Structure formats: structure tokens, C-alpha cells
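**Student:** Chains as they are written, first to last, in my numbering: chain C, 22 to 258; chain A, 1478 to 1827; chain Z, 28 to 267. Backbone N, C-alpha and C define an ideal beta-carbon position, used for all residues, glycine too. Since the model is a prediction, treat every value here as computed from it, not as a measurement.
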Amino acid sequence: MAWEYVLEGIKQAIHLIITANPDVIEITLRSIRVSGMATLMAALWSFPIGIAIGMYNFRGKNILKGFFNGLLGIPTVVLGLILYLLLVPSGPLGFLRLIYTEMGISLGQSLLITPIMISFIANSIEVVEKDIRELAITLGAGKLEASLAVMREAISGILLSVIASFNRAIAELGIAIMIGGNIFVKGSALNTRVLTTAMQMYTARGEIDMALALGIILLSIVFAVSTISNIIQSRLT
Amino acid sequence: MHIGDRMSSKPFIKDRKAISQSAWLVIVAVLLAGVIGLSWYFQTAQQAEQRVLTISTTTSLYDTGLLENAIAPAFKEKTGIELHFIPKGTGAAIQDAMNGAADAIIVHARSKELDFMEKGYGVNRKVIAYNFFAIVGPEDDPAGIRGLSPVEALKKIVEEGRKGNAIWVSRDDGSGTNTKEIALWKKAGFNYSEIKNEPWFRCTGTGMGKTLNYCNNVRAYTLSDMGTYLKYRKDGLIDLDVLVDEGEELINIYSIIVVNPEKYNKDFDGAMQLAKWLVSEEGQKIIGEYGVEEYGRPLFYPAVEVLEKKSGDIYNWIVKYGFIEDNGVWSECPEKYRYKANIEFFEVKI
Amino acid sequence: MSLVELRNISKRYGNVLALDKINLEVRRGEILAIIGNSGAGKTTLLRILAMLEKQSEGEYYYDGIKVRGNEDYFRKKITMVFQKPVMFNTSVYNNIAYGLKLRGYSKEEINKKVRNALRLVKLEGYEKYNAKRLSGGEQQRVAIARALVIDPELLVMDEPTANLDPTNVVIIERAIKEIVENNNTTVVLATHNLFQAKRLSNRTAHLFNGRLIEVGETRQLFENPENEITKKFITGELYF
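Here is the structure:
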């Protein structure tokens, strides 16, 4: 029985893609856009923080690292609920008017992936920091150039952090559904339905083939992104 | 490599280059912030352009597709207002409204609706549609409840359940369906919180569709709304039968309640437009026609024509199970919860 | 004519005294070998010489000038080759060119110098290979080429040929000798290999448990050491 579902799902997925179903295209593009924006936002603050943690030694560094490591596995439902309470009009951040909007989902996802980005980046930097910095200095580099050399060496790990973060964001459900609301009105610019929320909706409705089809599309995106990242990484080495 | 080289060693310029490289990083960061800011601004601009009503509602209503496929497009064409339905379940929908995230709610649990209005968040309640719940179960009906009244059927299920012949499944999720189920158990003389601990009584904590699937798999009985049941039956996802569908207690009444403008600055006018349209001839027609083609019978019955007749069984049931009593008057919306409404409220003195 | 003078240099790590009142002179143009058992403090001494670490006590004089507070200026005349080679994740060419790019040489000049350096360590043709993919011995040769190419006044080397096969050892030793002869580079070289010390160095210093127990002209020290411990060390009879 389950086999038939999977087969139907694959057939449906191919059909949707070949006929370029406009609704599916819209949902897919939105998933990419929303999670892409989340990744950009997270990068904005995670890069400086991650690099700083990786490069400098300071009191409480281990506690800080432990803190971000701990947040790595935060359940999206928990984060989604907390954000919902913050972003509703009756909440402290209600004035931002982000509830049930794309930007709201992006903000929520960016918070979800920040610990991932910071941990990965800090780690990549730490691994190369001591050796590369000393090498650069003994070859004549000043402090600033030595830091840049360290960052250059860690670029592979930094790229990986971005990819892992994006994939985590695009595949999460808890935030997208609590903050986004899975809104879909044909032709509207204000929809918030993404692949994961659509999948849940179709599953609840018993339309397993559609749910699977969207799942296949989502997985394809994740694989494609990972593959591109691998290619870039091997080019960098 | 010559000594000469060392003497004429050039001064270190990479430090200057390092500064310019760092400057580039800062520029990229600023650009990034700019892109993000612009997106945000752009989205806010788009939001301002289109008039939107956010309606939090139940999953059972939403999943039939009535709201998204029939009501939203028609309303938009008529008024230009876009409807965003957030299906969360009755309890969560009320939460949304109390948090200011919705302009109005459409739900089907009178006790909770009254509570919502008593707390001051809801005004101008209008009954828009009704259908019936049913007790569904395996076609071989091990507990023998086919054709019984709801109360009789529940009593029988308890009896057979305790003997190990039957299983009952409850959604136990605070939804409208669950609220009705609890009321039925009470009428049959059972306390829901006690009885749900018995071994033959199972809870899924989830929506109607998944609950029906579960019942299908374990061959159990449950209370279901007709909309979801019909859809799942037609799609071949379940082969449970309708065993008990007659009885006034099974009536399922949907109402719209507008969020009190004194609590939150929402689009009160827009929400009132929606309420008026839903009970207008056009809105009621759309409600009544939905699903007929696909399922052979309507999923929802328009309430207004029944309320206008002011007589008949169904009218009495709607009053009994859907109206609210206030100072000897039964109405859709007690006077104290009416707000600047130039709309007619059905009421009857008893 | 001393290039470097260390006066009463001590280095403490927490409670551990790694170097104890070292007084050492490094003469211009010489190759000075530092010998001693593992853990004697050789690496620490070299790192302080290369100004990668600061001493806990004592003064460092470079070219007669007290270095304290001015490390950044002097550090650029010194370079160190580490025991385990550290490669940038890029081509052999770019690794070697790094120091030259820092110093503002033109592309043509860099090209010429890098090719020269490659010739010296017998890695011609390796320009485009990724440095991280080379063998340990090849990487060490790249590290040495990278250090030589910037023409340092003082070259500090920490057991540069440890764990390398004899071919690599020969290539590296020849390269060291060549740049000392051609450029008057001063070399301080820590080594386990007493034969290497004898082959390469003008003077030798023996470090034992953080203290400099004997310094002298290489041939003299090996043939007729003054210190009892040094005598035992050279004959291989020193054990704990």
C-alpha cells in the first residue's frame, strides 16, 4: 500500500514539474526566497560573531560556545511558538507587523539557523586559527592581514555553514506554519504557503500523492544545493 | 637572490591591501543589510496596497475547500478584499483573535464563542451555516449502534467497549468537533475527563482527517463532521460507515464573530462586510452549492433561510444549540455584544 | 658582530619554567645549531627568537637594539620554519609567493624569485599543485622555499628535516648552505640529528631542561665538550 503512494508521488511530482504547474512553481520559489532571505539575514550577524568567537580567546568563551551548541537542536515548534507570542499584535514585537508574512517566516528561520551558522563558522576558524595566524605573521603579515589569511583558509567551512543553514531553514515546518499561516490566494502577492506547510496540509487532507510530490521537490532542492556546495568546495581546494 | 635585494626591500604594502580588503567586507555587509531592508520595505509596501482580512478558522471547515475555493474568490470579486484564512482549529483561532492576529473568526463551538464574547473580544456574531456530525465506524458495527440515537449509541459503545468489543477514538484537541463530543458524552451521562482514561477510549490529539485514518486502521468509532468524512470516503481513504446521523444533538453550527474594534484596531468595516455578505443571498447560495457536484450532496446548509422561516425542527435545533440566551431572549448575538451593527440579528423570546 | 643577543631570558608557562635565564649570542652570518633532548625547551627558545612568543623575563637585543615593545618592526626581518609544515590551501606557487606579495614585489619579480626558490628545493614543475596534497617531505621543502624567498636576515628552523627521508634531508641542507653563502643569512637550527649539527653549523648550543649548559664552536664542542651532561648526551649515554 505504501509503495503505491510513493509511486503515485513520483508520478505526480514529474507531472507537476513537466506541466510547470504555476501554483507549485510559486510555492517552490517562495520556499527558496524565504529561506534564502533567512540565510542572508543570519549571515549578517552570524559571520562577525562566529569569526570573533573563533579568533579570540576571552573569558566565558566556552560558555558561549556551549550556549550556541545547545541551541543547535532547538525544536522548530518551540521556537515557532515563542516567535508567535512575540510577533502577534498583542506581543512586544507586534508593531513590526510580521505575523502571517513572508518576512516574518524569514526572521523566524534566521533565528533558527543562527546557532548553526555561528557554531560552524567558529569551529572552522578555530581549526585553522593558531597555525595559519602564526604562519602569516612569521612571513611578515600584520595582525589584520593575518586575520584575513585565517578567514581565507576557513572559507570552505564557512561555505558549508551557509549551505547547512539554508537546508535547515527550507526544510523546517514549525516556524513556517506558526508565523506564516500557510496562506494561499491565487494571484496574491501576500501568500505564505511554502513547500513544508503545503506538504502538511495535503497530508492532513489525505492527498498523499501531492504531499509526496512536494516532498520530492523539496529534497531535490536540498540535494542540488548540497551538490553545488560540494563542487565549489572542491574547486576551492 | 642577492644581498642587494634585502637592502632595497620594499616597504610593506600588504597592510594597506589588508585594509582595503577589510573595507570590501564591510561594504558587502552594508549591501547585504541594504538588500534585506529593501525586501522588508517592499513587502510592507505590498501589504499596504491590498486590503486584507485575516480570518482564523477551524480545520474542518478549511479542509473542505469551501473557504479557499468558493468564498474567497467570490468575495474578492465583489469587494476587492482579499481573504486570508488561517486554519488552526477552534481553540487556536480564538487565541489568534485574542492576540489581535485576526479580523474575525469562523468557528463552531458555542460555549467557546460565548466565552470569547464575554471576555470582550468578539462582537456581532452571525450564524452562517450548519451541517451535522455523525458517529462513524466499521461497517460490521460490532457495538450494534446503527440507527440509534446519539445518546443511546454512546451508552452502547461504553458498554461494548468495556467488554472489549469496541474502540472509541476522540480528537481531544479542543476543536469544535471535540467540544460537541464532550457535550454528547455529558448528555449521555458520562464525564469526559474520567471516561477518556478507560482502556477502550483512545485520543489522537489531532485533526479530523488523521483521526479518521486512525479509526479506519484500528476499526474504531468516532464523531466526525460530514464534510471531512465525505471527502475521505469519496477519495477512498477510509471505508467507515455513517452509523448514527439523526438527532438534534448532532447539529453543527458555524458562526462568524468579528473582533471587537475597541480591543484591537483591525479592519472592522471589512469584517462586517464579510459577515453581511456571508448571510446575503449570494453568500448563502455559494455555501449551499458547494460540494454538490463532487459529492452528490452539499457539505454545508445555508442557515439564513431556516432562520427566516422561524419554524421547523432545524430552526428549533439551531436556536437550542446555536443561539445564546440573554435576559430571556435567545439570539445569535446578545444585545450587549452588538456593536455599531446595521445588520439584522435573529432572535426569539422564550 | 652579534645579530641577536638574549640576556637572561626566562619563559614560564603557568608554574612550569620552560627556559631558565638563557644568555645566548647569535653571530651575523653563522649557522647556530641548538641541540638537546625532547622537552628541553628548544622549540620555546626558537619561538622567542622568531618573536612568535614573548619572554617572561629578560631582554632581547636585535642588532644592538632592545626589542621590547617594538616586535612588529623586527619580526619582519625574521622568519621561522616549523617542525610540522603548515600549508595554505592553495598552489605551491601561491604559498611561496605569499611573503613576496606582502612585501609589494611586482608580478614579474615574484615569478622570478619563486622559480629560483623552487629550483633550490628541487620542486620545479610543482607550481600549480595544491600544496596540501604533497607529501610531508615535499611540504617541508615548500615551507623552506617560502621562507628563503623573502630573504630574511634571521632564519629560525625547528628540526626541519626530522622525519624526512635522506633525499629530502640532502636537498634541504644544500639549500640552507646555499642561501647562507649567497645572502649572508643567519640561521638558528634546532636538530635532533647530531651529525646534521656537525655538518651544517659553525657553533652549537646545548639546551638541557631549559638551561643553556654549553655553547661553543661546533667541532670543539663535539670533540671535547666541557660539560659532563653534554658529554653524555653526545655519546648517547644520557637517559633518565
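Would you mind listing the beta strand (DSSP E) stretches within the segment 1547 to 1603 of chain A that are 3+ residues and don't spill past its ends, in chain order?
**Tutor:** Complete beta strand (DSSP E) runs here, min 3: 1559 to 1564, 1581 to 1584.
**Student:** Going along the chain, which residues of its own chain have a beta-carbon closer than 7 Å to the beta-carbon of D1722 (chain A), five neighbours each way excluded?
**Tutor:** For the purposes of this step, residue 1722 (chain A) is identified with residue 245 of the second sequence, where counting begins at 1. Excluding residues within five positions, the ones whose Cβ falls inside 7 Å are F1609, A1611.
**Student:** Grouping DSSP H, G and I as helix and E and B as strand, with all else coil, what is E253 (chain Z)?
**Tutor:** Here residue 253 (chain Z) is taken as the residue at index 226 of the third sequence, counted from 1. If DSSP states are grouped into helix, strand and coil, E253 (chain Z) belongs with coil.
**Student:** In the structure shown, what three-state DSSP assignment does S1486 (chain A) receive?
**Tutor:** Taking the first residue of the second sequence as position 1, residue 1486 (chain A) is located at position 9. Interpretation of S1486 (chain A) is limited by its pLDDT of 46, a score under 50 that renders its predicted location unreliable; the figure taken from the coordinates is listed afterwards. It is coil, neither helix nor strand.
**Student:** Step through the CB atoms of chain C and report whether any lies within less than 7 Å of the CB of L79 (chain Z).
**Tutor:** Counted from its first residue, the third sequence places residue 79 (chain Z) at position 52. Cβ-Cβ to chain C under 7 Å: yes for L79 (chain Z).
**Student:** Between S131 (chain C) and the rest of its own chain, which residues show a CB-CB distance below 7 Å, the 5 nearest in sequence each way excluded?
**Tutor:** Here residue 131 (chain C) refers to the residue found at position 110 of the first sequence. Cβ neighbours of S131 (chain C) beyond the five flanking positions: A59, M62, A63.
**Student:** Given K159 (chain Z), which residues of its chain have a CB within under 7 Å of its CB, disregarding the five upstream and five downstream residues?
**Tutor:** The residue labelled residue 159 (chain Z) in the question sits at position 132 within the third sequence. Taken in chain order, the residues that qualify are M114, N116.
**Student:** Does any residue of chain C have a CB that is nearer than 7 Å to the CB of N1576 (chain A)?
**Tutor:** As a position in the second sequence, residue 1576 (chain A) is number 99, starting the count at 1. Yes, contact with chain C.
**Student:** In chain order, what residues of the same chain lie with their CB nearer than 8 Å to the CB of L106 (chain C), ignoring the 5 residues before and after it?
**Tutor:** Position 85 of the first sequence, counted from the start, is the residue given in the question as residue 106 (chain C). The residues are G112.
**Student:** Assuming Y1709 (chain A) and G1686 (chain A) are in contact, meaning their beta carbons sit under 8 Å apart, how far apart are those beta carbons, in whole angstroms?
**Tutor:** Translated into positions along the second sequence, residue 1709 (chain A) becomes position 232. Translated into positions along the second sequence, residue 1686 (chain A) becomes position 209. Y1709 (chain A) to G1686 (chain A), Cβ: 6 Å. Contact.
**Student:** Does chain C have any CB closer than 7 Å to the CB of P1488 (chain A)?
**Tutor:** Residue numbering aside, residue 1488 (chain A) sits at position 11 when the second sequence is read from its first letter. For P1488 (chain A), the predicted structure reports a pLDDT of 49, less than 50, and the residue's modelled location is therefore unreliable. The matter cannot be settled from this model.
**Student:** Can you list the alpha helix (DSSP H) stretches of 4 or more residues lying completely in the segment 30 to 79 of chain Z, in chain order?
**Tutor:** Qualifying alpha helix (DSSP H) stretches, in chain order: 69 to 76.
**Student:** Any idea if R146 (chain Z) is buried or exposed, counting beta-carbon neighbours within 10 angstroms, 16 or more meaning buried?
**Tutor:** Here the question's residue 146 (chain Z) lines up with position 119 in the third sequence. Exposed, by the Cβ-count rule.
**Student:** 7 Å is my cut-off, CB to CB: does D1716 (chain A) come that close to chain C?
**Tutor:** Residue numbering aside, residue 1716 (chain A) sits at position 239 when the second sequence is read from its first letter. By this cut-off, D1716 (chain A) is not an interface position.
**Student:** Kindly indicate if chain Z contains any beta-carbon less than 7 Å away from that of D44 (chain C).
**Tutor:** As a first step, residue 44 (chain C) is located in the first sequence; it is residue number 23 there, counting from the start. Cβ-Cβ to chain Z under 7 Å: no for D44 (chain C).
**Student:** Taking a Cβ distance cut-off of 9 Å, strictly less, list which residues of the segment 155 to 174 of chain C are near chain Z, in chain order.
**Tutor:** Answer in chain order: E155, L156, A157, I158, T159, L160, G161, A162, G163, K164, E166, A170, R173, E174.
**Student:** Between which two residues does the beta strand (DSSP E) holding H233 (chain Z) run?
**Tutor:** Within the third sequence, the letter at position 206 stands for residue 233 (chain Z). Element bounds for H233 (chain Z): 230 to 235.
**Student:** Indicate whether at least one CB of chain A lies closer than 7 Å to the CB of I200 (chain C).
**Tutor:** Counting from 1 along the first sequence, the entry for residue 200 (chain C) is found at position 179. Chain A, which has no Cβ nearer than 7 Å to the Cβ of I200 (chain C), makes this no.
**Student:** Assign V1829 (chain A) to one of two classes, buried (16 or more other C-beta atoms within 10 Å of its C-beta) or exposed (fewer than that).
**Tutor:** There is no way to answer for residue 1829 (chain A), as the model of chain A reaches only from 1478 to 1827.
**Student:** Where do the ends of the beta strand (DSSP E) carrying F1745 (chain A) lie?
**Tutor:** Counting from 1 along the second sequence, the entry for residue 1745 (chain A) is found at position 268. Premise fails: F1745 (chain A) lies in the alpha helix (DSSP H), 1745 to 1755, not in any beta strand (DSSP E).
**Student:** When you compare only the Cα positions, how much space is there between G91 (chain Z) and M78 (chain Z)?
**Tutor:** The residue given as residue 91 (chain Z) occupies position 64 in the third sequence. The residue given as residue 78 (chain Z) occupies position 51 in the third sequence. About 16 Å.
**Student:** How would you write the range of the alpha helix (DSSP H) that N121 (chain Z) sits in, first residue to last?
**Tutor:** Along the third sequence, read from residue 1 onward, the residue named residue 121 (chain Z) stands at position 94. 119 to 129 is the span of the alpha helix (DSSP H), which, as asked, contains N121 (chain Z).
**Student:** Which value, in whole angstroms, describes the spacing of the CA atoms of N50 (chain Z) and E32 (chain Z)?
**Tutor:** Position 23 of the third sequence, counted from the start, is the residue given in the question as residue 50 (chain Z). Position 5 of the third sequence, counted from the start, is the residue given in the question as residue 32 (chain Z). Whole-angstrom Cα-Cα distance: 8 Å.
**Student:** Who does D1718 (chain A) pair with in a DSSP beta bridge?
**Tutor:** Here residue 1718 (chain A) corresponds to residue number 241 of the second sequence, with the count starting at 1. In DSSP, D1718 (chain A) forms a bridge with A:G1614.
**Student:** State the Cα-Cα distance for the pair Q221 (chain C) and L233 (chain C), rounded to the nearest angstrom.
**Tutor:** Within the first sequence, the letter at position 200 stands for residue 221 (chain C). Within the first sequence, the letter at position 212 stands for residue 233 (chain C). Rounded to whole angstroms, Q221 (chain C) to L233 (chain C) spans 10 Å at the Cα level.
**Student:** Under a CB-based cut-off of 7 Å, is I1480 (chain A) close to chain C?
**Tutor:** For the purposes of this step, residue 1480 (chain A) is identified with residue 3 of the second sequence, where counting begins at 1. With a pLDDT of 38 at I1480 (chain A), under the threshold of 50, the modelled position of that residue is not reliable, and the figure given next carries that caveat. No, because no Cβ of chain C sits closer than 7 Å to the Cβ of I1480 (chain A).
**Student:** Within a Cβ cutoff of 6 Å, which residues of the same chain sit near V1769 (chain A), ignoring the five residues on either side of it in sequence?
**Tutor:** For this step, residue 1769 (chain A) is matched to residue 292 along the second sequence. Excluding sequence neighbours, V1769 (chain A) sits near P1775.
**Student:** Pull up the distance between the alpha-carbon of A33 (chain C) and that of A1495 (chain A), whole angstroms please.
**Tutor:** To locate residue 33 (chain C), count along the first sequence from 1; it is residue 12. To locate residue 1495 (chain A), count along the second sequence from 1; it is residue 18. The sequence given here places Gln at residue 33 (chain C); Ala does not occur at that position. Approximately 54 Å, taken between the alpha carbons.
**Student:** Would you say A210 (chain C) faces chain A, with C-beta separation under 7 Å as the test?
**Tutor:** Sequence index remark: in the first sequence, residue 210 (chain C) carries index 189 (1-based). Cβ-Cβ to chain A under 7 Å: yes for A210 (chain C).
**Student:** D1650 (chain A) CB to nearest chain C CB: under 7 Å?
**Tutor:** On the second sequence, residue 1650 (chain A) is found 173 positions in, with the first residue counted as 1. Judged by the 7 Å Cβ criterion, D1650 (chain A) is not in contact with chain C.
**Student:** Relative to the C-alpha of N236 (chain Z), which residue among Z:R34, Z:S29, Z:V43 is closest?
**Tutor:** Position 209 of the third sequence, counting from 1, holds the residue named residue 236 (chain Z). The candidate whose alpha carbon is nearest that of N236 (chain Z) is Z:V43.
**Student:** Taking 7 Å as the CB-CB cut-off, is D152 (chain C) touching chain Z?
**Tutor:** Along the first sequence, read from residue 1 onward, the residue named residue 152 (chain C) stands at position 131. Yes, because at least one Cβ of chain Z sits closer than 7 Å to the Cβ of D152 (chain C).
**Student:** Less than 6 Å between C-beta atoms, sequence neighbours within five positions excluded: which residues of the same chain meet that for T135 (chain C)?
**Tutor:** Here the question's residue 135 (chain C) lines up with position 114 in the first sequence. Only A63, S67 meet the Cβ criterion.
**Student:** In chain order, what residues of the segment 72 to 103 of chain Z put their CB closer than 8 Å to some CB of chain C?
**Tutor:** Result list: A77, L79, D99, R102, K103.
**Student:** Do we get a CB-CB distance below 7 Å when we pair I1513 (chain A) with the residues of chain C?
**Tutor:** What you label residue 1513 (chain A) is simply residue 36 of the second sequence in a count that begins at 1. With 7 Å as the cut-off, I1513 (chain A) counts as an interface residue toward chain C.
**Student:** Kindly indicate the opening and closing residues of the beta strand (DSSP E) around E1726 (chain A).
**Tutor:** The count along the second sequence starts at 1 and reaches residue 1726 (chain A) at position 249. Element bounds for E1726 (chain A): n/a, residue is neither H nor E.
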